[in-house]
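Written below as structure tokens is the structure these notes are about.
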Amino acid sequence: MGSTAWWIAGTLATLAAVGLVALLVRGGARPYETERALAAQLARTGRPAQAEVLALDRQPGGELYAAPMKLALRYADAMGRARQAELHVYIDSELLVNFMPGQAIHVRFDPNDAARIAVDRERSPTEISAAWRRRHP
Numbered sequence: 000m001g002s003t004a005w006w007i008a009g010t011l012a013t014l015a016a017v018g019l020v021a022l023l024v025r026g027g028a029r030p031y032e033t034e035r036a037l038a039a040q041l042a043r044t045g046r047p048a049q050a051e052v053l054a055l056d057r058q059p060g061g062e063l064y065a066a067p068m069k070l071a072l073r074y075a076d077a078m079g080r081a082r083q084a085e086l087h088v089y090i091d092s093e094l095l096v097n098f099m100p101g102q103a104i105h106v107r108f109d110p111n112d113a114a115r116i117a118v119d120r121e122r123s124p125t126e127i128s129a130a131w132r133r134r135h136p
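If you number the sequence shown the way numbering that gives the first Met the number 0 does, the last residue is 136 and the count never jumps.
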């Protein structure tokens, strides 16, 4: 095989490796994106409720300020039945204290399917705005 063929093979192998890493990273972020999209939908159509945080577990990865967390929650549905749920949510490190086990947080759930639940970011914020961070380094 000539040097051009080796160069092409090396380039293709590198592109395949980069693509695989991108897929793995993207797949790892999917539960967080799903919860965020559901939260946006339920902000308009969901039923508000309070939930008790049962567990807070840091997950691998994260961003500069936001930690990927798995929240275990207990809440009551529209009929008053106790339910439990696990959510994957990015939470800014300064706000983690609000999500410690035993704390009450605000959630919204789908009135037609109480298993579809997300953090009510209006009443229990998970992130601090970038504008605030620039003013308070």
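Note that the Cβ used here is the ideal one computed from N, Cα and C, for glycine as well.
Contact under 7 angstroms by Cβ, residue i with residue j
| i | j | result |
| --- | --- | --- |
| A125 | V88 | The question names Ala, yet the displayed sequence has Thr at residue 125. Cβ distance < 7 angstroms, so T125 and V88 count as in contact. |
| A39 | Y74 | no |
| D141 | A36 | In the structure as shown, the chain begins at 0 and stops at 136. Residue 141 is therefore absent and cannot be evaluated. |
| M68 | R80 | no |
Same chain, Cβ closer than 7 angstroms to residue i, five either side skipped, listed in chain order
| i | result |
| --- | --- |
| D109 | L41, G45, R115 |
| W6 | none |
| E121 | A42 |
| E93 | I127 |
| T3 | none |
| G27 | Since pLDDT at G27 reaches only 47, below the 50 mark, its modelled position is unreliable, and the value read off the structure follows with that caveat. The answer, listed in chain order, is G60. |
Sequence-distant residues of the same chain with beta carbon closer than 6 angstroms to residue i, five excluded per side
| i | result |
| --- | --- |
| A84 | L72, I116 |
| S128 | none |
For residue i: DSSP bridge partner residues
| i | result |
| --- | --- |
| R57 | M68 |
| V106 | A48, V118 |
| E85 | A71 |
Beta-carbon proximity list for residue i, same chain, < 8 angstroms, skipping 5 on both sides
| i | result |
| --- | --- |
| V20 | At V20 the pLDDT is 49, less than 50, meaning the model places this residue with poor confidence; the figure from the coordinates comes in the next sentence. The answer is none, since no qualifying residue turns up. |
| G101 | E51, V52 |
Cβ distance (whole Å) where residue i is taken to contact residue j below 8 angstroms
| i | j | result |
| --- | --- | --- |
| M99 | L55 | 6 angstroms |
| D119 | H105 | 4 angstroms |
| L86 | E34 | 5 angstroms |
| P47 | R107 | 6 angstroms |
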